[in-house]
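Since the structure comes first, as structure tokens, the remarks are kept for the end.
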Amino acid sequence: MRLHIADHPLVAHKLTVLRDEGTDSPTFRRLADELVTLLAYEATRDVRTTDVAIRTPVAATTGTRLSSPKPLVVPILRAGLGMLDGMTRLLPTAEVGFLGLVRDEATLQATTYADRLPDDLSGRQCYVLDPMLATGGTLATAIRYLFDRGADDVTALCLLAAPEGVEALRDAVGDDDRVQVVTAAVDERLDERGYIVPGLGDAGDRLYGVV
Ligand code: URA
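When you line the sequence shown up against full-length UniProt numbering, it's residues 1 to 211, in that order.
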């Protein structure tokens with residue numbers, strides 16, 4: 001597994017405002033959206049392309065276009081939805097599939113409650129959106145799900161990660177370099193409730209309120 005921490009002053013600035021407990025939901029949503037676009041730029045560095053012949057007003061030249069099959073963006077419901085617009089802004093031609101995974105707060109195990117993905121993901125590059133890589137259980141389940149359907153490689157975009165989650169994911173996927181995690185920061189640790197410390201709290205609640 002490859003881990004990429006987006007080390008950039010704008011990323012650090014936006015993340016700091018997201019962490020602040022005084023940031024309200026509308027501001028949180030807007031900043032999460034902007035941060036995802038910055039992460040998406042890093043995450044798509046290896047997106048597949050093909051050469052294409054074009055004519056500029058001046059001359060013929062060879063350019064670059066995204067290859068087929070199109071990349072698939074997979075937000076993990078519910079909090080991953082808050083990352084979707086920021087991702088598709090950079091990848092407007094990507095298709096979007098949805099995966100609903102819920103974490104049992106007692107066992108911290110992830111189970112699937114919704115699946116709206118193409119049956120066959122052969123040859124597909126997938127971009128999973130999940131804001132918080134905490135225990136790693138949700139992401140490991142999602143990545144397994146996508147590879148079982150034939151996905152070619154999987155990049156997870158997370159606003160924040162815990163070292164425990166990164167390690168758990170490494171244990172789950174081994175040295176498979178078809179898996180990449182791109183995040184704004186790896187924090188100190190997980191607390192006893194499974195929250196990232198210092199983190200930013202419950203990402204779903206901060207995006208959408210406590211429902
Ligand atoms: N999920 C969240 O929303 N926040 C955390 O800190 C951990 C998991």
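Built from N, CA and C at the ideal position, the CB exists for glycine as well. These figures come from a predicted structure and were not determined experimentally.
Beta-carbon proximity list for Q180, same chain, < 6 Å, skipping 5 on both sides: Taking Q180 as the centre and dropping the five residues before and after it, the same chain places the C-beta of R2 and T155 closer than 6 Å to its C-beta, in chain order.
Using 8 Å as the Cβ pair cut-off and three pairs as the minimum, do the stretch 34-42 and the stretch 136-147 touch? No, the stretch 34-42 does not touch the stretch 136-147.
When we look at the beta-carbon of R124 and count the other beta-carbons within 10 Å, is it buried (16 or more) or exposed? Burial call: buried.
Is there contact here, the stretch 183-202 with the stretch 155-165, by at least three beta-carbon pairs under 8 Å? Counting Cβ pairs under 8 Å, three or more are found: they touch.
Length-filtered (4 minimum) alpha helix (DSSP H) runs lying within the stretch 13-56: For the alpha helix (DSSP H) assignment, the uninterrupted runs of no fewer than 4 residues enclosed by the stretch 13-56 are, from N- to C-terminal side, 25-43.
Could you check the C-alpha separation between V173 and V52 for me, to the nearest Å? Roughly 35 Å separates the two Cα atoms.
For G137, collect the residues of the same chain with a Cβ closer than 8 Å to its Cβ; drop the 5 residues on either side in sequence, then sort them by chain order. Cβ within range, chain order: R103, L108, Q109, A110 and A168.
Hey, would you say V36 sits closer than 8 Å to M87, going by beta carbons? Here V36 is near M87, since their CB atoms are less than 8 Å apart.
Determine whether the beta carbon atoms of L207 and R45 lie at a separation below 8 Å. No. Outside cutoff.
Beta carbon of M83 nearer than 8 Å to that of L129: Yes, the Cβ-Cβ distance between M83 and L129 is below 8 Å.
D119: which of G97, Y127, P131 and Y113 sits nearest, CA to CA? It is G97 whose Cα lies nearest to the Cα of D119.
Since D33 and D115 should fall inside the 8 Å C-beta cutoff, what is the C-beta to C-beta distance between them, to a whole number of angstroms? Going by Cβ atoms, the distance from D33 to D115 rounds to 25 Å, so no, they are not a contact pair.
Roughly how many whole angstroms lie between the Cα atoms of V182 and A6? If you take the alpha carbons of V182 and A6, they lie about 7 Å apart.
Kindly examine ligand 1 and report whether one of its heavy atoms sits closer than 7 Å to the Cβ of D202. In this structure, D202 has its beta carbon less than 7 Å from a heavy atom of ligand 1.
My output table needs one value for M1: the three-state DSSP class, helix, strand or coil. M1 falls in the coil class under three-state DSSP.
Go ahead and pull the three-state DSSP assignment for A114. In the structure shown, the three-state DSSP call for A114 is strand.
What is the DSSP secondary structure of T93, reduced to helix, strand or coil? Here T93 sits in coil by DSSP.
Thinking just about the alpha-carbon of each residue, which of P92, T27 and Y127 is nearest to the one in I76? Residue Y127 is the option with its Cα nearest to I76.
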